[in-house]
Every structure is written in C-alpha cells, then in structure tokens.
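Asks: Take this structure first; my questions come after.
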Amino acid sequence: MNKINKILFTAVLLGFQSLSFAQSLPDISNIDYGFTQKVTKVKAISYNLNKEPIKTTVYHFNKNGFIKEHHIENLKNKSWQKTKSYYKNDRLYKRVFKYSNTKKNKKHSYTYNASGQLIKETITHKNGESNNIVYDYKNNKLHQIKSDINNSKTTYFYSIKGNLYKAIKTQKGQNEIEQNINYLYLEGKEITSYVSLNSNVLVTTYLNDFTLQFDLNENEFAINKLQKGIKRFNEEAPKDNLPFSLRSYSNQTAQFYSKNKDKLKHSKIVFFDYVTDDQKNKITYAKADVNVQTETIASIQFYKTSLTNGTVVGETKFNDKVLEKFKDIHQSLNQL
Numbered sequence: 007m008n009k010i011n012k013i014l015f016t017a018v019l020l021g022f023q024s025l026s027f028a029q030s031l032p033d034i035s036n037i038d039y040g041f042t043q044k045v046t047k048v049k050a051i052s053y054n055l056n057k058e059p060i061k062t063t064v065y066h067f068n069k070n071g072f073i074k075e076h077h078i079e080n081l082k083n084k085s086w087q088k089t090k091s092y093y094k095n096d097r098l099y100k101r102v103f104k105y106s107n108t109k110k111n112k113k114h115s116y117t118y119n120a121s122g123q124l125i126k127e128t129i130t131h132k133n134g135e136s137n138n139i140v141y142d143y144k145n146n147k148l149h150q151i152k153s154d155i156n157n158s159k160t161t162y163f164y165s166i167k168g169n170l171y172k173a174i175k176t177q178k179g180q181n182e183i184e185q186n187i188n189y190l191y192l193e194g195k196e197i198t199s200y201v202s203l204n205s206n207v208l209v210t211t212y213l214n215d216f217t218l219q220f221d222l223n224e225n226e227f228a229i230n231k232l233q234k235g236i237k238r239f240n241e242e243a244p245k246d247n248l249p250f251s252l253r254s255y256s257n258q259t260a261q262f263y264s265k266n267k268d269k270l271k272h273s274k275i276v277f278f279d280y281v282t283d284d285q286k287n288k289i290t291y292a293k294a295d296v297n298v299q300t301e302t303i304a305s306i307q308f309y310k311t312s313l314t315n316g317t318v319v320g321e322t323k324f325n326d327k328v329l330e331k332f333k334d335i336h337q338s339l340n341q342l
C-alpha cells in the first residue's frame with residue numbers, strides 16, 4: 007500500500023495508445039520511439055517467466071536522432087521484420103519493410119510541400135498494389151489524415167493557444183458501419199478514448215512505475231461521471247481553461263480506480279523499471295506486460311541503451327531482482 011501511494015503522488019502520464027489508434031505522422035525521432043535521450047542504438051530482449059528469450063528488438067539511430075534501422079525477431083517461430091529508413095536534407099523520403107514472409111514486403115515513399123510538411127505517404131506492396139495516406143494542414147498544424155487502407159479519416163482539434171485537445175477518427179468497422187472514435191488529450195498526452203459514451207470507453211493512467219488501462223463500459227456510475235467530465239472538457243479545453251493539470255488528472259484517475267477496481271475491467275497493465283545516466287536522466291531498463299485475462303505477468307523485457315555520448319546503460323540479461331520488484335508492484339496494485 008505505501009509503495010503504491012508513493013507512486014500515486016509522483017504520477018506522470020506518459021501518453022498511451024488505445025482502440026485502433028489515432029493516426030498520426032510517421033515515427034522518425036528517438037522521442038517518437040519512446041526514448042527521451044539521444045541514442046545511437048537500443049537493444050531489447052523479451053523473456054517468458056521461464057527466463058527463455060522469446061523476442062529481440064534492435065533500433066539504430068543516426069547522429070540527428072532519426073531512426074535508421076529497426077529489427078524485430080520472434081525467437082520462437084524465427085519470424086522477423088526489418089525496416090530501413092532513408093533521409094534527404096533531414097527529411098524521411100523512403101522506408102523499406104522486409105519480412106521473413108516475403109509476401110508482406112513493402113515500401114513507403116514520402117512527399118512534402120514547399121514548407122517541408124509531409125503531405126502524402128504512398129505504400130507500395132510486393133504485389134504491385136498501392137495505398138495512399140494524405141496529410142492536410144491548417145494554420146500550420148496537422149488538421150486531417152485520410153487513408154484509403156481502411157477508408158479512415160482522422161481530424162485534429164486545437165485550442166486557442168494551439169494545443170491539441172481532441173482527435174476524431176472516422177472509419178468503417180467489420181460490419182461496414184461507419185463509426186467515430188474519439189480521443190481526448192491533455193498537455194499533449196492522450197487521456198481517454200471512446201466510440202460513444204456507452205461503448206468502448208477506455209481510460210488509461212500512466213504512473214511512474216506502471217501503466218494501467220481499464221474499461222468503463224460496465225460501470226454506470228463511472229459512465230455518468232465521464233459524460234459530465236467530457237462535456238466540461240469540450241467546453242473548456244478549446245479555451246485553454248481546464249481546471250486541472252495532467253498530474254492532478256492522473257492522481258484522480260488512480261484514486262477512482264482504487265475505489266472501483268472490482269467493477270472495472272482491465273485492458274492493459276504494464277510495469278516499468280529505470281536506470282539513470284551520468285546526468286541523472288531516467289532511462290527505461292525493464293518493462294513487464296501483464297496478461298489481463300489471467301492477471302499474471304506474461305513477459306519481461308530488458309533494454310541496453312547506447313547514448314550519443316558513448317555511455318551505455320542497462321543490459322539485456324534477465325534480472326531476477328527486477329522481476330521480484332514487478333511482482334511486488336502487481337501485488338500492491340491488487341491490494342489497492
């Protein structure tokens with residue numbers, strides 16, 4: 007209990023992904039890939055709880071912090087994916103995807119306007135077919151993304167001061183019925199997503215040591231409260247006049263979870279552990295994913311990070327102490 011309460015007071019939302027994702031510009035920088043410091047290489051190995059390595063992931067970045075290569079390999083079935091990115095004048099102009107299943111191979115090409123803004127992404131598949139993603143801007147900000155892959159359209163909304171506070175993704179589901187997926191943002195971070203206020207409502211809190219996402223669909227009290235909150239959010243966010251900060255929102259969400267967890271359905275639980283470099287910057291060292299069906303840790307991933315100054319932090323060898331720490335956090339979370 008004490009450990010969790012301490013985490014709640016140091017809560018920091020890191021942003022999250024939910025539902026089918028709000029489409030955005032391609033990932034390019036180390037920040038886009040979740041690495042807060044400039045890095046040249048990051049290697050991660052995932053293990054099952056028998057300490058058997060099950061997956062390797064390697065990232066290579068250039069001196070400007072742009073991704074060069076990204077390699078993922080499943081050590082169980084030997085499948086793999088390799089991605090290479092190419093730049094001209096610090097602009098991504100081509101990205102080549104190769105797979106162990108060569109039928110999936112593809113190439114992405116990128117087109118820019120005179121202002122240097124990405125306006126079109128063309129995906130060419132091995133069979134010669136192609137898809138297009140079109141990017142539109144308004145007031146020098148990304149306004150809309152249209153994709154012919156699933157006939158989706160994502161529209162972005164900004165406040166008076168230019169802060170993103172909402173995105174709406176329109177797409178057709180499996181039954182070909184059009185649906186709108188709403189995403190709400192606070193201080194640049196996605197805080198909730200929903201199809202309607204009574205359907206597919208996901209709330210995510212990213213705390214210092216763990217990420218927790220839960221579904222409100224079966225909690226009538228929570229849905230009613232959320233309806234009032236979203237109404238106020240849509241009134242105040244465009245004016246940059248919200249009465250709460252990202253941190254206070256995170257704390258309130260965690261407190262709500264602790265009071266109502268028996269009525270909530272977990273969608274995602276992830277635990278984190280960190281190391282620090284010589285400048286005391288916090289860098290991810292380990293991550294564990296929880297199977298929300300069995301409520302047990304399913305896998306654990308360890309990172310070895312090479313910084314641009316030559317410093318190497320972390321290691322990919324299995325660490326029993328970190329696993330025990332994650333088990334303690336999980337137990338404390340269950341006792342909230």
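In this text, residue positions in the sequence shown follow this note's numbering: the first is 7, and each later residue adds one. Beta carbons are placed, not taken as given, at the ideal position from N, Cα and C, and that holds for glycine.
Are there three or more Cβ pairs, one per stretch, closer than 8 angstroms when the stretch 313–321 is compared with the stretch 281–296?
Replies: Yes, the stretch 313–321 touches the stretch 281–296.
Asks: Using a Cβ-Cβ cut-off of 8 angstroms (strictly less than) and excluding sequence neighbours within five positions of residue 266, which residues of its own chain qualify?
Replies: Cβ neighbours of residue 266 beyond the five flanking positions: 225, 227, 228.
Asks: Taking residue 57 as the reference, give the member of 306, 340, 332, 310 with the closest Cα.
Replies: When only C-alpha atoms are compared, the closest one is 306.
Asks: When the Cβ atoms of the stretch 100–115 are set against those of the stretch 124–133, are three or more pairs found closer than 8 angstroms?
Replies: Because the criterion of three Cβ pairs below 8 angstroms is met, the stretch 100–115 and the stretch 124–133 touch.
Asks: Report the residue ranges of all beta strand (DSSP E) runs contained in full by the stretch 61–94; include only those spanning at least 3 residues, in chain order.
Replies: If we require 3 residues or more, the beta strand (DSSP E) runs fully inside the stretch 61–94 come out as 73–80, 86–94.
Asks: Which runs of the beta strand (DSSP E) fall wholly inside the stretch 123–179 and span at least 3 residues, in chain order?
Replies: Qualifying beta strand (DSSP E) stretches, in chain order: 124–131, 136–144, 147–153, 158–164, 170–178.
Asks: Spell out the partners DSSP gives residue 116 in its beta bridges.
Replies: According to DSSP, residue 116 bridges with 127.
Asks: Going straight from the alpha carbon of residue 7 to that of residue 153, what length do you get?
Replies: A caution first: residue 7 carries a pLDDT of 35, below 50, which makes its placement in the model too unreliable to give a value.
Asks: Return the chain-ordered list of same chain residues with a C-beta closer than 8 angstroms to the C-beta of residue 33, the five sequence neighbours on each side being excluded.
Replies: For residue 33, where only same-chain residues beyond five positions count, the Cβ hits under 8 angstroms are 39, 73.
Asks: Could you check how far apart the C-beta atoms of residue 45 and residue 211 are, in whole angstroms? I think they sit under 8 angstroms.
Replies: Contact doesn't hold; Cβ gap of about 27 angstroms is too wide.
Asks: Would you give the residue range spanned by the beta strand (DSSP E) that residue 227 belongs to?
Replies: First-last for residue 227: 226–242, but that is the alpha helix (DSSP H), not the beta strand (DSSP E).
Asks: For residue 55, count neighbouring C-beta atoms within 10 Å of its own C-beta (all shown protein chains included) and say buried if the count is 16 or more, exposed if not.
Replies: Per the 10 Å Cβ criterion, exposed.
Asks: Where does residue 337 fall in DSSP's three states?
Replies: Three-state result, residue 337: helix.
Asks: Using DSSP with H/G/I as helix, E/B as strand and the rest coil, what is residue 328?
Replies: DSSP places residue 328 in helix when its eight states are reduced to three.
Asks: Start and end of the alpha helix (DSSP H) containing residue 262?
Replies: First-last of the alpha helix (DSSP H) with residue 262: 252–266.
Asks: When you compare only the Cα positions, how much space is there between residue 273 and residue 303?
Replies: Whole-angstrom Cα-Cα distance: 14 angstroms.
Asks: Count the other CB atoms within 10 Å of the CB of residue 30; is the residue buried (16 or more) or exposed (fewer)?
Replies: Exposed is the call here.
Asks: Can you tell me which of the three DSSP states residue 108 falls into?
Replies: Residue state, collapsed to three classes: helix.
Asks: For residue 287, which option in 43, 37, 35 has the closest C-alpha, if you only look at C-alpha atoms?
Replies: Closest by alpha carbon: 43.
Asks: Using DSSP's beta-bridge definition, name the partner residues of residue 277.
Replies: Answer is 216, 294, bridged to residue 277.
Asks: In angstroms, rounded to a whole number, what distance separates the CA positions of residue 21 and residue 156?
Replies: Because residue 21 sits at a pLDDT of 32, beneath the cut-off of 50, its placement in the model cannot be relied upon, and the following sentence gives the value as read from the coordinates. Cα to Cα, the separation comes out at about 25 angstroms.
Asks: Hey, could you find the ends of the beta strand (DSSP E) residue 199 is sitting in?
Replies: Residue 199 -> beta strand (DSSP E) spans 195–200.
Asks: Taking C-alpha atoms, which residue in 106, 161, 101 lies nearest to residue 148?
Replies: Considering only alpha carbons, the answer is 161.
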